[in-house]
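> First residue of the sequence shown: 1, per the UniProt record's numbering; consecutive thereafter.
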Amino acid sequence: MPYQKKTKIVATVGPASQSKEMLLKLAQSGANIFRLNFSHGTHADHLSRIQAIREINAEYGYNLTILQDLQGPKIRTQLVENNGVELIAGNPLTFVMDETLLGTSERVGTTYTSMYLDVKPGERILMDDGNLEVKVDDIDYDKKEVHTTVVYGGILKSKKGINLPGTKVGLPALTAKDEEDLYFGIENDVDWIALSFVRSAEDIAAVKEKIAARGGRAKIIAKIEKPEAVVPEVLDAIIDATDGIMVARGDLGVELDGAMVPELQKTMIKKCIKHAKPVIVATQMLESMTSSPRPTRAETSDVANAVLDGASATMLSAESASGQYPIEAVSTMSHIIEAVEIQQNNIPIVYGDESAIYFKNHMLKGEEDSPTILNDRVIAAACRLARDVRAKAILCITSSGYTAYRLSSHRPKADIFVFSSDKNLMTQMGLLWGARVFEYDSANQNSEQISHNIAKILVKEGYLQKGDVFVTLLSVPAQQDLRTNTVKMGIIDKIADEVEAGQ
Numbered sequence: 001m002p003y004q005k006k007t008k009i010v011a012t013v014g015p016a017s018q019s020k021e022m023l024l025k026l027a028q029s030g031a032n033i034f035r036l037n038f039s040h041g042t043h044a045d046h047l048s049r050i051q052a053i054r055e056i057n058a059e060y061g062y063n064l065t066i067l068q069d070l071q072g073p074k075i076r077t078q079l080v081e082n083n084g085v086e087l088i089a090g091n092p093l094t095f096v097m098d099e100t101l102l103g104t105s106e107r108v109g110t111t112y113t114s115m116y117l118d119v120k121p122g123e124r125i126l127m128d129d130g131n132l133e134v135k136v137d138d139i140d141y142d143k144k145e146v147h148t149t150v151v152y153g154g155i156l157k158s159k160k161g162i163n164l165p166g167t168k169v170g171l172p173a174l175t176a177k178d179e180e181d182l183y184f185g186i187e188n189d190v191d192w193i194a195l196s197f198v199r200s201a202e203d204i205a206a207v208k209e210k211i212a213a214r215g216g217r218a219k220i221i222a223k224i225e226k227p228e229a230v231v232p233e234v235l236d237a238i239i240d241a242t243d244g245i246m247v248a249r250g251d252l253g254v255e256l257d258g259a260m261v262p263e264l265q266k267t268m269i270k271k272c273i274k275h276a277k278p279v280i281v282a283t284q285m286l287e288s289m290t291s292s293p294r295p296t297r298a299e300t301s302d303v304a305n306a307v308l309d310g311a312s313a314t315m316l317s318a319e320s321a322s323g324q325y326p327i328e329a330v331s332t333m334s335h336i337i338e339a340v341e342i343q344q345n346n347i348p349i350v351y352g353d354e355s356a357i358y359f360k361n362h363m364l365k366g367e368e369d370s371p372t373i374l375n376d377r378v379i380a381a382a383c384r385l386a387r388d389v390r391a392k393a394i395l396c397i398t399s400s401g402y403t404a405y406r407l408s409s410h411r412p413k414a415d416i417f418v419f420s421s422d423k424n425l426m427t428q429m430g431l432l433w434g435a436r437v438f439e440y441d442s443a444n445q446n447s448e449q450i451s452h453n454i455a456k457i458l459v460k461e462g463y464l465q466k467g468d469v470f471v472t473l474l475s476v477p478a479q480q481d482l483r484t485n486t487v488k489m490g491i492i493d494k495i496a497d498e499v500e501a502g503q
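Dropping the structure here:
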């Protein structure tokens, strides 16, 4: 069987990719997770996309994951004349807290009508991803106006993003629109919900409460894009509270010195791996492919480095949502990932070798005082055994997902195969690095039967063949509600004969 990548691809769905036919082609090209960006489109649009993705899973045997991305408290300019006005360096520009104002080169409206209460003289206001910059001179509290001077000019178009680096913004993490969108996502059983502009662990806790109150099962991705969120103790608290992280390099690179972002990316990935949380690297990974069939060399290196860092997934935004070459963008990203992983696979595995992405974290044994320490040690032992015997695969059965998350974060060289009877859990686990997920009901079977049957499935599917060594993680006794407590090793022998005989 041809090599199958372990780093997953998140493809954003938009006008260029929303048909069922196109979604299928993207999946065939290597997309694993489809991101629905709720900054755009109606609920009817998104429902149609959700239904198409689910139909593809049912009809073609895919395990595609649905990620809902909430807009969050994004601040934007209002409409401007002719959809574009010129801002000239040195000229004054006034921000007016009037949502109906048609902007000019001298006066511009904003969607955040309390901005005048937050900004202070001397602070910067950035627009259009930092391409335009003004400096705050003074605030007229009576007229609710912010007077500024243009530092870096250019053409300001309608509805462009505003960033307030260094300003403590009073907006809530979840807006009224976000709350409506959140309930839509819960109602339609999306797998993951990305929360934008997370500033603290409390932001995540509040959303988790709302999900639980509605009986939802979606997990949370915290998008790290605010300076407040990368303060070490705050970031640690966010990672503890969330189910996964997105390194949202767009706004993060605008509000912080862009030179800080690469190291922050590496730090976040390391922390997420340590805590067994999936981590997505996002923004402008193959940006030039929105209008070009080939990426730049720098973009190729960017994707490759995210893979080498150990990211669970890399993400496409406009490239797949509205670009001219969505299929090429996904297939190109998939090709880069595969090339890097194959090169890493060819590096000999020895103890203490940090040159490969695999086992770079020296085995995640778990914290000594953790209530899951015994399970964590069993999973670590399975990974070490798989490495020592050069196993082709590690197999696990899971009803909660815990074993799969933990196993994935070891980044083993052996292939990871996860079996579950919970279809919601199956698509949720599609985001996990390396995890290939299969439906399997282990009810009324002992551990010997389970181990034999799941290995047989993989032989039939062509993933394992005669002579392959595999390691299995199980709960014994199988019918009790226990976490993983048993490691077994096997060699594909009689199972291959059974399959060949049609049994």
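The beta-carbon is built from N, C-alpha and C at its ideal position, and this holds for glycine as well.
Less than 8 Å between the beta carbons of residue 119 and residue 149, yes or no?
The answer is no: Cβ separation not under 8 Å.
> Going by DSSP in three states, residue 147 sits in which element: helix, strand or coil?
In the structure shown, residue 147 sits in a strand (DSSP, three-state: E or B).
> Taking only the alpha-carbon atoms, compute the straight-line gap between residue 457 and residue 162 and give it to the nearest angstrom.
Rounded to the nearest angstrom, the two C-alpha atoms are 52 Å apart.
> Are residue 312 and residue 432 close, meaning C-beta to C-beta below 8 Å?
Against a cut-off of 8 Å, the Cβ pair of residue 432 and residue 312 comes out as a contact.
> Is residue 119 helix, strand or coil by DSSP?
Residue 119 falls in the coil class under three-state DSSP.
> Helix, strand or coil: which one does DSSP assign to residue 492?
Three-state DSSP puts residue 492 in coil, outside helix and strand.
> Taking residue 428 and residue 223 to be in contact with their CB atoms under 8 Å, please state how far apart those CB atoms are, rounded to whole angstroms.
Not a contact, Cβ separation roughly 18 Å.
> Would residue 254 and residue 153 be called neighbours here (beta carbons separated by less than 8 Å)?
Their beta carbons are not under 8 Å apart, which means residue 254 does not touch residue 153 by this criterion.
> Could you give the residue range of the alpha helix (DSSP H) that holds residue 381?
Residues 373 to 388.
> Look at the alpha carbon of residue 353 and the alpha carbon of residue 43, and state the distance between them as a whole number of angstroms.
Caution is warranted here: a pLDDT of 48 is assigned to residue 353, below 50, making its placement in the model unreliable, and the coordinate value is therefore given only provisionally. For residue 353 and residue 43, the distance between alpha carbons rounds to 49 Å.
> Would you mind giving the Cβ-Cβ distance between residue 416 and residue 434, rounded to the nearest angstrom? I have them listed as a contact below 8 Å.
About 4 Å separates the two Cβ atoms, so the contact holds.
> Would a C-beta distance cut-off of 8 Å place residue 109 and residue 156 closer than the cut-off?
Result no, Cβ atoms of residue 109 and residue 156 do not sit closer than 8 Å.
> Can you give, in chain order, each stretch of the alpha helix (DSSP H) that sits fully within the segment 188 to 256 and has at least 4 residues?
Within the segment 188 to 256, the complete alpha helix (DSSP H) runs of at least 4 residues are 201 to 213, 232 to 241 and 249 to 255.
> Alpha helix (DSSP H) containing residue 268: first to last residue?
Per DSSP, residue 268 belongs to the alpha helix (DSSP H) from 261 to 274.
> With distances taken between CB atoms, is the gap from residue 413 to residue 464 smaller than 8 Å?
It is not a contact, given that the beta carbons lie outside the stated cut-off.
> Residue 49 to residue 18, Cα distance in whole Å?
The alpha-carbon atoms of residue 49 and residue 18 are separated by roughly 6 Å.
> Measuring alpha carbon to alpha carbon, tell me which of 442, 495 and 439 ends up nearest residue 460.
If we check each option's Cα against that of residue 460, 495 comes out closest.
> For the 8 Å Cβ check, are there 3 or more pairs between the segment 331 to 348 and the segment 368 to 386?
Cβ pair count under 8 Å is below three, so no.
> Considering only the alpha carbon of each residue, which of 443, 286 and 200 lies closest to residue 11?
When only C-alpha atoms are compared, the closest one is 286.
> What does the alpha-carbon distance come out to for the pair residue 304 and residue 139?
Cα to Cα, the separation comes out at about 46 Å.
> Taking Cβ to Cβ, would you say residue 307 is nearer than 8 Å to residue 29?
Cβ distance not < 8 Å, so residue 307 and residue 29 don't count as in contact.
> Using a 10 Å radius around the Cβ and a threshold of 16 neighbouring Cβ atoms, would you call residue 213 buried or exposed?
Exposed: under 16 other Cβ atoms inside 10 Å.
> Report the three-state DSSP secondary structure of residue 86 (helix, strand or coil).
Residue state, collapsed to three classes: strand.
> My parser needs the alpha helix (DSSP H) runs of 4 or more residues fully inside the UniProt domain "Pyruvate kinase C-terminal" (377 to 488); what are they?
Those alpha helix (DSSP H) runs which fall completely within the UniProt domain "Pyruvate kinase C-terminal" (377 to 488) and span 4+ residues are 402 to 409, 423 to 428 and 447 to 460.
> For the alpha helix (DSSP H) containing residue 307, name the first residue and the last one.
Counting along the chain, the alpha helix (DSSP H) containing residue 307 begins and ends at 297 to 309.
> Assess, as a yes-or-no matter, whether the segment 319 to 333 is touched by the segment 263 to 282 under the definition of 3 or more beta carbon pairs within less than 8 Å.
Flag = no, the segment 263 to 282 and the segment 319 to 333 do not touch.
> Could you tell me whether the Cβ of residue 377 comes closer than 8 Å to any Cβ of chain B?
No chain B is present in this structure, which holds just one protein chain.
> Buried or exposed for residue 492, please, with buried defined as at least 16 other CB atoms from any protein chain shown within 10 angstroms of its CB.
It counts as buried.
> To the nearest angstrom, how far is it from the Cα of residue 338 to the Cα of residue 439?
Distance between the alpha carbons of residue 338 and residue 439 is about 25 Å.
> Taking 8 Å as the threshold, find out whether the segment 235 to 247 comes into contact with the segment 191 to 206 through three or more Cβ pairs.
Yes, the segment 235 to 247 is in contact with the segment 191 to 206.
> Taking contact to mean 3 or more Cβ pairs, one atom from each stretch, closer than 8 Å, check whether the segment 449 to 456 and the segment 87 to 103 are in contact.
No, the segment 449 to 456 does not touch the segment 87 to 103.
> Start and end of the alpha helix (DSSP H) containing residue 525?
In the structure as shown, the chain starts at 1 and stops at 503, and residue 525 therefore has no counterpart that could be examined.
> Quick one: is residue 114 buried, meaning 16 or more other Cβ sit within 10 Å of its Cβ, or exposed?
Exposed is the call here.
> Can you tell me whether residue 297 is buried or exposed, with buried defined as 16 or more other CB within 10 angstroms of its CB?
Exposed is the call here.
> What residue from 68, 205 and 179 has the CA that sits closest to residue 37's CA?
Considering only alpha carbons, the answer is 68.
> Does the Cβ-Cβ distance between residue 283 and residue 317 come in under 8 Å?
Cβ atoms of residue 283 and residue 317: closer than 8 Å.
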